[in-house]
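Q:
There are 2 protein chains.
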Amino acid sequence: MMRAMPRSPRSHPIQLLPVSGIPEIKRGDDLARLLYRACRLSGTPLRGGDVLVVAQKVVSKAEGATVELSSVRPSEKALELARRRAATRSGPAKADDPRLLEVVLGQSRRIVRDEHVLIVETHHGLVCANAGVDHSNVPGEDRVTLLPRDPDRSAARLARALGRLTGKPVAVIISDTFGRPWRLGLTNVAIGAAGLPVLLDLRGKPDRTGKRLEATIVAVADELAAAAGLAMGKARGIPAVIIRGYPFPASRGRARDVLRPAQEDLFR
Amino acid sequence: MMRAMPRSPRSHPIQLLPVSGIPEIKRGDDLARLLYRACRLSGTPLRGGDVLVVAQKVVSKAEGATVELSSVRPSEKALELARRRAATRSGPAKADDPRLLEVVLGQSRRIVRDEHVLIVETHHGLVCANAGVDHSNVPGEDRVTLLPRDPDRSAARLARALGRLTGKPVAVIISDTFGRPWRLGLTNVAIGAAGLPVLLDLRGKPDRTGKRLEATIVAVADELAAAAGLAMGKARGIPAVIIRGYPFPASRGRARDVLRPAQEDLFR
Chain F
2 MMRAMPRSPR SHPIQLLPVS GIPEIKRGDD LARLLYRACR LSGTPLRGGD VLVVAQKVVS
62 KAEGATVELS SVRPSEKALE LARRRAATRS GPAKADDPRL LEVVLGQSRR IVRDEHVLIV
122 ETHHGLVCAN AGVDHSNVPG EDRVTLLPRD PDRSAARLAR ALGRLTGKPV AVIISDTFGR
182 PWRLGLTNVA IGAAGLPVLL DLRGKPDRTG KRLEATIVAV ADELAAAAGL AMGKARGIPA
242 VIIRGYPFPA SRGRARDVLR PAQEDLFR
Chain G
2 MMRAMPRSPR SHPIQLLPVS GIPEIKRGDD LARLLYRACR LSGTPLRGGD VLVVAQKVVS
62 KAEGATVELS SVRPSEKALE LARRRAATRS GPAKADDPRL LEVVLGQSRR IVRDEHVLIV
122 ETHHGLVCAN AGVDHSNVPG EDRVTLLPRD PDRSAARLAR ALGRLTGKPV AVIISDTFGR
182 PWRLGLTNVA IGAAGLPVLL DLRGKPDRTG KRLEATIVAV ADELAAAAGL AMGKARGIPA
242 VIIRGYPFPA SRGRARDVLR PAQEDLFR
């Protein structure tokens, strides 16, 4: 976590620049180079201080984190889960495929809720539906993507490579769209991060009346991911967005630092 | 909820423009006029199609939704809650003030969790810490703000007035920073909205491989609020941000539509 740095009182605009022209990504592709080139071709070459938000899906594809469901043999546990879910079905039947459930279980530490959606805690500690295993924007009827094995490491690798190509430091967020309790709909959140603070601690800073702010730690990486979500658009095939003009101190923040420890979580 | 509109494949940048020069707001102030003027003085006069995200605090102050704690006589229930909380204190002592707790209880339908933070369901249906009752950025040691009584109505009123001043339709989001389960830190979310979709339904739209997207409803008003949060900065006294270049269909979305019905919520 980073203490907030002093900032100039004058605020500047922040830009969200969609990066188009990223081809369908295959295992082993040099994603950093493809992203770097797509930024240039979009008319917005990367600059130092930019935050590049990259959708998890292209990272997973480049890392080969995909599974062909026809190659999966569901365990007894997955078959049992599929039977139970089918009996009380309200969601799409695809989500009850025992092969898919086998993949989801393999990505999970434990099941948090098994009701109209299957909410798990992944081996990363992320709490989300279906462990982030997903069909959409994956070519082929039977292929799914997994979340990257270590999204912070993936982000660090991309940030290093993009920094080399750009000649200046570039921060990277790897994002995915997750649901949440209490509120409907999905929002884009940070599942991996490198080169920027993930939580910004404003505690003790004066507010505009001079009183000290209490209990104010802002999840800036999630706000950056959400902002990028506005310019991504799942249906439009824009898997990366440059955020330009957001001032931040260099930092070794990791997206895993935003995960609330299970023992402190009142809702798990 | 709105079905996504067809969009051109070419994406355009989105800008987050912080609005500075908003004076300390007092009950009865013409907030729309002050915001309109501050946008002009910030060098970014409002345009049709802009989304103006306004921090709850200035709306509450303009509406007189503030309470002087010295005028509050705590009920037996608030005193009991204060005693219980003081016994297991881990947060700041200010949050255990029985007068504050009396105000929080008055804003709440029910207590969702009473542990190191007090999480309630407000009379609006919002689930958040301390019912959004807050000391920060309020002049005076003893004064707190409440959430606006009907934030969607407040947003609609602002949107109408700003539309008249601008001569073009302007959308308005009223935002506050809330915590959430599973993930640390606060993010800015929409508690009131007018003139734009709050949930964007992409179900049935083709993804880039031509498959139909499943289970994809994006909480765009929350993503817009989070994006604005990046440019607000509680410590910098920027209570409003223009989001320019985000394409959306005119809509009668209300922020209350994003509230997950209690009976469908697995975590309440």
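Residue numbers (the numbering used here), protein chains in the order written: chain F, 2 to 269; chain G, 2 to 269. Virtual Cβ for every residue (Gly too), placed ideally from N, Cα, C.
#1: How long is the line joining the alpha carbons of F:Leu-47 and G:Ala-33, rounded to whole angstroms?
#2: Given G:Arg-28, which residues of its chain have a CB within under 8 Å of its CB, disregarding the five upstream and five downstream residues?
#3: Run through chain F and tell me which residues come within less than 8 Å of G:Ser-220, C-beta to C-beta.
#4: Take G:Leu-203 as the anchor and find which of G:Gly-49, G:Arg-150 and G:Val-219 has the nearest alpha-carbon.
#5: Using 8 Å as the limit for Cβ to Cβ distance, is G:Thr-210 near chain F?
#6: Taking its Cβ as the centre, do 16 or more other Cβ atoms sit within 10 Å of F:Leu-42, making it buried, or is it exposed?
#7: Does the beta-carbon of G:His-117 have 16 or more other beta-carbons within 10 angstroms, so that it is buried, or is it exposed?
#8: So, G:Ser-176 versus G:Gln-16, is the Cβ gap smaller than 8 Å?
#9: List the residues of chain G whose Cβ lies closer than 8 Å to the Cβ of F:Glu-224, in chain order.
#10: State the DSSP-derived secondary structure class of F:Asn-138, mapped to helix, strand or coil.
#11: Per the contact definition of three or more C-beta pairs closer than 8 Å, is the segment 100-112 of chain F in contact with the segment 70-86 of chain F?
#12: Could you pull the DSSP bridge partners for G:Arg-245 from this structure?
#13: Count the CB pairs spanning the segment 166-175 of chain F and the segment 240-251 of chain G that are closer than 8 Å, and state whether there are at least three.
#14: Report yes or no: is there a C-beta of chain G within less than 8 Å of the C-beta of F:Ile-192?
#15: Run through chain F and tell me which residues come within less than 7 Å of G:Val-128, C-beta to C-beta.
#16: So what's G:Thr-167 in DSSP terms, helix, strand or just coil?
#17: For F:Arg-261, which residues in the same chain have their Cβ closer than 7 Å to its Cβ, ignoring the five residues on either side in sequence?
#18: Can you tell which of F:Leu-267, F:Gly-193, F:Val-242 and F:Gly-205 has the C-alpha that lies nearest to the C-alpha of F:Asp-51?
#19: Any residues in the segment 14-38 of chain F with a beta carbon nearer than 7 Å to a beta carbon of chain G? Which ones, in chain order?
#20: On the criterion of 16 or more Cβ atoms from any shown chain inside 10 Å, does G:Asp-135 qualify as buried, or is it exposed?
#21: Check distances from the C-beta atoms of the segment 166-182 of chain G to those of chain F and list, in chain order, the residues that come in under 8 Å.
#22: List the residues of chain G whose Cβ lies closer than 7 Å to the Cβ of F:Gly-254, in chain order.
#23: Between G:His-136 and chain F, is any beta-carbon pair separated by less than 8 Å?
#24: Nearest-angstrom Cα distance between F:Val-113 and F:Arg-150?
#25: At 8 Å on the CB atoms, spell out the chain G contacts of F:Leu-260, in chain order.
#26: Does chain G have any CB closer than 8 Å to the CB of F:Glu-64?
#27: Does the beta carbon of G:Val-121 come closer than 8 Å to any beta carbon on chain F?
A: So, from the data block:
#1: Counting from one through the first sequence, the residue named residue 47 of chain F turns up at place 46. Counting from one through the second sequence, the residue named residue 33 of chain G turns up at place 32. So the alpha carbons of these two residues sit roughly 38 Å apart.
#2: Position 27 of the second sequence holds residue 28 of chain G. Lys-62, Ala-63, Glu-64, Gly-65 and Thr-67.
#3: Taking the first residue of the second sequence as position 1, residue 220 of chain G is located at position 219. Before going on, a small fix: residue 220 of chain G reads as Ala here, not Ser. Neighbours of G:Ala-220 on chain F, chain order: Arg-184, Leu-185, Gly-186, Leu-187 and Thr-188.
#4: Position 202 of the second sequence, counting from 1, holds the residue named residue 203 of chain G. Taking only the C-alpha atoms, the option nearest G:Leu-203 is G:Val-219.
#5: Taking the first residue of the second sequence as 1, we reach residue 210 of chain G at position 209. Yes, contact with chain F.
#6: Numbered from its first residue, the first sequence carries residue 42 of chain F at position 41. When all chains shown are included, F:Leu-42 counts as exposed.
#7: One-based indexing of the second sequence puts residue 117 of chain G at position 116. So G:His-117 ends up on the exposed side.
#8: Reading the second sequence from its first residue, position 175 is the one you call residue 176 of chain G. Reading the second sequence from its first residue, position 15 is the one you call residue 16 of chain G. Result no, Cβ atoms of G:Ser-176 and G:Gln-16 do not sit closer than 8 Å.
#9: Working through the first sequence from its first residue, we reach residue 224 of chain F at position 223. Within 8 Å Cβ-Cβ: Thr-188, Asn-189, Ala-227, Ala-228, Gly-230 and Leu-231.
#10: Position 137 of the first sequence, counting from 1, holds the residue named residue 138 of chain F. If DSSP states are grouped into helix, strand and coil, F:Asn-138 belongs with coil.
#11: yes
#12: Stepping through the second sequence from its first residue, residue 245 of chain G is reached at position 244. Its beta-bridge partners are G:Gln-16.
#13: no
#14: In the first sequence, residue 192 of chain F corresponds to position 191, counting from 1. It does not; no Cβ of chain G falls within 8 Å.
#15: Sequence index remark: in the second sequence, residue 128 of chain G carries index 127 (1-based). Chain F residues near G:Val-128: Trp-183.
#16: One-based indexing of the second sequence puts residue 167 of chain G at position 166. If DSSP states are grouped into helix, strand and coil, G:Thr-167 belongs with the helices.
#17: Within the first sequence, residue 261 of chain F is the residue found at index 260, counting from 1. Closer than 7 Å at the Cβ level, and outside the excluded window around F:Arg-261, lies no residue.
#18: Taking the first sequence and counting its residues from 1, the one referred to as residue 51 of chain F is at position 50. Ranking F:Leu-267, F:Gly-193, F:Val-242 and F:Gly-205 by Cα distance to F:Asp-51 puts F:Val-242 first.
#19: Those would be Pro-14, Ile-15, Gln-16, Leu-17, Leu-18, Pro-19 and Ser-21, in chain order.
#20: Start at 1 with the first residue of the second sequence, and residue 135 of chain G comes out as number 134. So G:Asp-135 counts as buried.
#21: Thr-178, Arg-181 and Pro-182
#22: By 1-based counting over the first sequence, the position of residue 254 of chain F is 253. Simply none; closest approach about 11 Å.
#23: The residue you call residue 136 of chain G lines up with position 135 of the second sequence. Yes, because at least one Cβ of chain F sits closer than 8 Å to the Cβ of G:His-136.
#24: On the first sequence, position 112 is the one that residue 113 of chain F refers to. On the first sequence, position 149 is the one that residue 150 of chain F refers to. Taking the straight line from one Cα to the other gives about 20 Å.
#25: By 1-based counting over the first sequence, the position of residue 260 of chain F is 259. For F:Leu-260, the chain G residues whose Cβ falls inside 8 Å of its Cβ are Trp-183, Arg-184 and Leu-185, in order along the chain.
#26: Taking the first sequence and counting its residues from 1, one reaches residue 64 of chain F at position 63. Cβ-Cβ to chain G under 8 Å: no for F:Glu-64.
#27: Position 120 of the second sequence, counted from the start, is the residue given in the question as residue 121 of chain G. No, its Cβ sits nowhere closer than 8 Å to a Cβ of chain F.
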